[in-house]
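S.K.:
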Amino acid sequence: MKKVLLTICYDGTDYHGWQIQPNAVTVQEVLQASLSKLLGKETGATGCSRTDAGVHAKEFCCHIECDDNIPDTAFLKGLNAILPKDIAVKDCKTVESDFHARYSAKGKTYVYRINNSGVKDAFLSRYSWDIERPIFIDKMNEFCKTLIGTHDFYAFSSSGRTVEDTVREVSECYCEQNGDIITLKITANGFLYNMVRIIVGTAVEVSDGRLKTTCAEEIFALKKRELAGITAPPQGLFLEKVIY
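Residues in the sequence shown are numbered consecutively from 5, following the numbering used here.
Structure follows, in C-alpha cells:
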C-alpha cells in the first residue's frame, strides 16, 4: 500500500464545494468516482481543507492510499482522461506514509478577485465579484495591514465553523490593482469557515466608508460577527497555494 499526493485544480462553479454532501455534487465525490474507475475499486481522497460552494482552486491537495503499481506520470494522465473538464490533476507523487494532506499543511494562500470595471463581462462573472462603484484600494490596504499577525478571527467566520480554536496567524494580506481587476491576497497558517470572504466583504465596506480602517481591533476584541462586513460572494475566491 502506498500513499499518493494529488495536486488538483478546479472550477467550483458547478460544485457544492469540495466535501461530499448528500443531494449535492461535490469535487470530492467526482474525484473519488474517477479514482475508483481508474483503480478498479472504491478509493477515497482526503483533502487539505474544505472549499465553499462556487469557490475555485488553482492548487488543492489531497492524498489517497492505493496498492497499484501505475507510475505517477501514467496515473496522472489516466486520471485526467476520466475527470470532467472543470477538474484537472496538476501533479501526482508518492509521499511518506505519515503524510496527511490536511494536517501536514503549514499554511494556505487565498486570492479574491473583484471586477471594478462597471461593465458586466461574461467571462469574468464566474470568477470575480462585480462592483461598479469606485473602490479605494489604499483604504483597503490600511485595513489589511491590521490583520497581519496572530489574532482571534472568531468574528471573521460564520456559524458553520467546525473548530473551537479560532486563533490564526496571518503572514500576509494586501490588495493590488491591475487594470479593472482588484485582488486581495492573504496567507495564513489556517482559515475558518467563510473567513476570507468575510475579510473581503469587510475590506469593501472600509473602502465604502461604512467601516473604519481600524475596525478590526474592535472586531477582534468583541468577537461579534455583526461588527464585520458582509460575506463576499463565492465566485471571486480561489485557493491559490497549499504550503507544506
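Note that the Cβ used here is the ideal one computed from N, Cα and C, for glycine as well.
Is it buried or exposed for L80, if we count other Cβ within 10 angstroms and need 16 for buried?
M.R.: L80 comes out buried.
S.K.: Cβ of A207 within 7 Å of Cβ of F160?
M.R.: Not closer than 7 Å, so no.
S.K.: Return the CA-CA distance between E221 and E180, expressed in angstroms with no decimal places.
M.R.: Distance between the alpha carbons of E221 and E180 is about 23 Å.
S.K.: Return yes when the Cβ of T154 is within less than 7 Å of the Cβ of L196, no when it is not.
M.R.: Their beta carbons are not under 7 Å apart, which means L196 does not touch T154 by this criterion.
S.K.: When you compare only the Cα positions, how much space is there between L35 and S132?
M.R.: About 25 Å.
S.K.: Can you tell me whether R137 is buried or exposed? The criterion is at least 16 other CB atoms within 10 Å of its CB, across all chains shown.
M.R.: Answer is exposed; the Cβ neighbour count stays below 16.
S.K.: In whole angstroms, what is the alpha-carbon distance linking A130 and F64?
M.R.: The identity of residue 130 in the sequence shown is Arg, whereas the question assumes Ala. Approximately 19 Å between the Cα atoms of the pair.
S.K.: Are there 16 or more other CB atoms within 10 angstroms of the CB of K227, so buried, or fewer, so exposed?
M.R.: The residue in question, K227, is exposed, as its Cβ has fewer than 16 Cβ neighbours within 10 Å.
S.K.: With the cut-off set at 7 Å, would you say S175 and T150 are in Cβ contact?
M.R.: Not a contact, by the Cβ cut-off of 7 Å.
S.K.: Between which residues of its own chain and E146 is the CB-CB distance below 7 Å, once the five residues before and five after are set aside?
M.R.: Closer than 7 Å at Cβ, skipping near neighbours: T217.
S.K.: Sort out for me which residues DSSP pairs V99 with in a bridge.
M.R.: BP columns for V99 point to K7.
S.K.: Out of G240, K7, P88 and G213, which has the shortest C-alpha to C-alpha gap to D76?
M.R.: Comparing Cα-Cα distances from D76 to each of G240, K7, P88 and G213, the minimum goes to K7.
S.K.: Quick one: give me the first and last residue of the alpha helix (DSSP H) that A225 is part of.
M.R.: Segment C219 to L226, the alpha helix (DSSP H) holding A225.
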